[in-house]
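If you read the sequence shown in the working numbering, its first letter stands for residue 1347, the second for the next number, and so on.
Each remark here refers to the structure printed beneath this line.
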Amino acid sequence: AEVRPKVEKLVDRLFARIPTGNGSAGLVKVNKDEFRELCEQGLDWCLKKGYAVEKDLLRTEERGRMRGADASQVSARAVERGHTQVGSLGSGNHYLEIQVVKETNIHSRTLAHAMGLTLPDQIVVMVHCGSRGFGHQVAQDYLKKFLPLMESTYHLRTDDRQLACVPFRSEDGQNYFAAMQCAVNMAFANRQLIIHAVREVFSEIFRKTPAELVMDQVYDVTHNTAKLETHLVGGREKQVLIHRKGATRAFGPGMPDLPAEYRETGQPVIIGGSMESGSYLLAGTKEGASTFFTTAHGSGRVMGRHQAKKQFNGRELIDKMRRKGIYIRCASYSGLAEEAGGAYKNIDEVVEAAENAGVSRRVARLEPIGNIKG
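Rendered as C-alpha cells:
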C-alpha cells in the first residue's frame, strides 16, 4: 500500500541513478589498481568501502569472495573494459525489478518467513546482472590462448572453438581458473553496488533509513561459474569442479557453507522468469545432491533474440505492461523486444518441473510491478 503509489517515482529515480545499457559506465569510479584489488576481494572490498554490511556477506554465496582470484592472470584489455563498469546493470536479460509477494503466491509460509517474507503483499527488489564486459573479455582472452595450445601441447581437439579447453590441473588451466574467479568477484561487487544504490533511492523517497525499511538482502547467488566444491561421489566425499552454465547453486538443508539462519531451510535460490510474468524464490533440497545441488538459473528462452525483435515491438510492450500494472523504463526499445514475455518459457511450469525433480522447492512467486532494463 505504501509502495504502489510511488512505483513510478521509484523506477524513474532508479533508472536515473543506476547505469543501464551497452557500454554504460559504472556507479563508482575506480582506477585500474583499485579494480584489480576489487577483483581479488569481492564483497570484502565493498564492506571496506562502505557499500555493504556484514549481513550482506553472510547472505551471499561464498561470502561474496572467491579465494582463488588472481588479478595478475587478467589481461590489460579486460581491466580496461571492467574498471569503468563497476556498478552498472548492462543490457540483454539483465534487469532490476520491484516485485510484490502476494499472500496467494506463497507456497511455503515457513520458508518464506525464514527468508524475511513476513508482511502481506511484501515488496522485494530483484537484481540480475554479472561481470559486464570484464567477464566476457576474460573468456575471450583465454579462448584465444587455448586454441593453439590444445593440439600442440595437450593433444586435445574440438570442432567448436567455443569449447577450447586445457586440463584443469595444468598451469594454463589454473591461470584461467584464477582469472575466472576475478570475474565472479567483480560480479559480486557489481550487484552489491547496485543494491547499495537501491537502498539509497528507497531511503530518499520514503525518508527512512534502509534499516528502518528492513532492506535486508535475502541472498545473492552466482550463475555461469566453475567452482571447486566437495560432494558425495560414489558414496565418498570428493572435491569436484562444478560448472554451472545457465544454472545456479542450490545447497540443501544442513550444508555447512550456509549461514546459520538458512541451515535448516536450505539455501535461498532465485530464478527469473520474464519481465511480464514474474520470478520465483526457491529453496535447495537434500535430494539436490543428485545434481550436485544445482538448479535452473532462469526459465529459459523459446525463441532467439533476432526472432523476438521481429515478432515483438518495444514501444507496444511498454504500453501493454503498463496496462497490466508494470511500470518499466528501458535504455533500448529493440533490447526490450528481445526480452518480451513471449520469448521465454512458462516460469510456473519450469519451477514445478524443478520441484518434481527434487532439485529445488518453491517458496514464493514474485510478481513485477516496476522494472528497469538496459
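Heads up, the beta-carbon is just placed ideally off N, CA and C, and yes, glycines get one too.
Cutting at 7 Å between CB atoms, please list the residues of its own chain near leucine 1495, excluding the five before and the five after it. Val1512, Asp1518
Open item on the list: Let me confirm a value: threonine 1594 is counted as buried when at least 16 other C-beta atoms fall within 10 Å, else exposed. Which label applies?
Closed with: Threonine 1594 is buried by the Cβ-count criterion.
Count the other CB atoms, across all protein chains shown, that sit within 10 Å of the CB of proline 1365; report buried if there are 16 or more and exposed otherwise.
buried
### Query
Going by the beta-carbon positions, is the gap between serine 1625 and glycine 1618 smaller than 7 Å?
The Cβ atoms of serine 1625 and glycine 1618 lie closer than 7 Å to each other.
Please work out which residues of its chain come closer than 6 Å, Cβ to Cβ, to histidine 1474, disregarding the five sequence neighbours upstream and downstream, and give them in chain order.
His1440, Tyr1441, Gly1618
*asked:* Quick check: the Cα distance between valine 1579 and leucine 1509, rounded to an integer number of angstroms?
replied: 26 Å
**Asked** So the beta strand (DSSP E) glycine 1630 belongs to, where does it begin and stop?
**Response** 1624-1630
On the criterion of 16 or more Cβ atoms from any shown chain inside 10 Å, does leucine 1493 qualify as buried, or is it exposed? exposed
Review point. Do you know whose CA, among Glu1550, Glu1558, Val1425, Met1526, lies nearest threonine 1568's CA?
Key: Met1526
Exercise. Got a sec? Which residues, its chain only, sit under 6 Å from serine 1421 by beta carbon, not counting five neighbours each side?
Worked result: Asp1487
Methionine 1532 vs phenylalanine 1480 beta-carbon contact at 7 Å: In this structure, phenylalanine 1480 lies closer than 7 Å to methionine 1532 by Cβ.
*asked:* Just verifying my parser: in three-state terms, what is the DSSP assignment at lysine 1491?
replied: In the three-state reduction of the DSSP assignment, lysine 1491 falls in the helix class.
Q) Is the CB-CB distance between phenylalanine 1361 and valine 1425 below 7 Å? A) no
DSSP three-state call for serine 1454: helix, strand or coil?
coil
Range of the contiguous beta strand (DSSP E) that encloses lysine 1666: Careful: lysine 1666 lies outside any beta strand (DSSP E), inside the alpha helix (DSSP H) at 1660-1669.
Does DSSP classify methionine 1472 as helix, strand or coil? Residue state, collapsed to three classes: strand.
Are the region 1385-1402 and the region 1448-1459 touching by the rule of at least three beta carbon pairs closer than 8 Å?
no
Checklist entry - Can you name the start and end residues of the beta strand (DSSP E) that arginine 1427 belongs to? => result Where arginine 1427 is concerned, there is no enclosing beta strand (DSSP E), although the alpha helix (DSSP H) around it starts and stops at 1422-1428.
Would you mind stating whether asparagine 1368 and serine 1437 have Cβ atoms separated by less than 7 Å?
-> yes
Q.
Using the three-state DSSP reduction, which class does arginine 1553 fall into: helix, strand or coil?
A. coil
**Prompt:** Cβ of alanine 1689 within 7 Å of Cβ of methionine 1649?
**Reply:** yes
Glycine 1618 - containing beta strand (DSSP E), residue span | Secondary structure note for glycine 1618: its beta strand (DSSP E) is the uninterrupted segment 1614-1620.
Q: Could you please give the first and the last residue of the uninterrupted alpha helix (DSSP H) stretch that includes serine 1732?
A: What the structure shows of the chain is the stretch from 1347 to 1720, and residue 1732 is not part of that stretch, so it cannot be assessed.
Inter-residue Cα distance where the pair is arginine 1609 and threonine 1406
14 Å
| DSSP beta-bridge partners for cysteine 1676? | According to DSSP, cysteine 1676 bridges with Lys1719.
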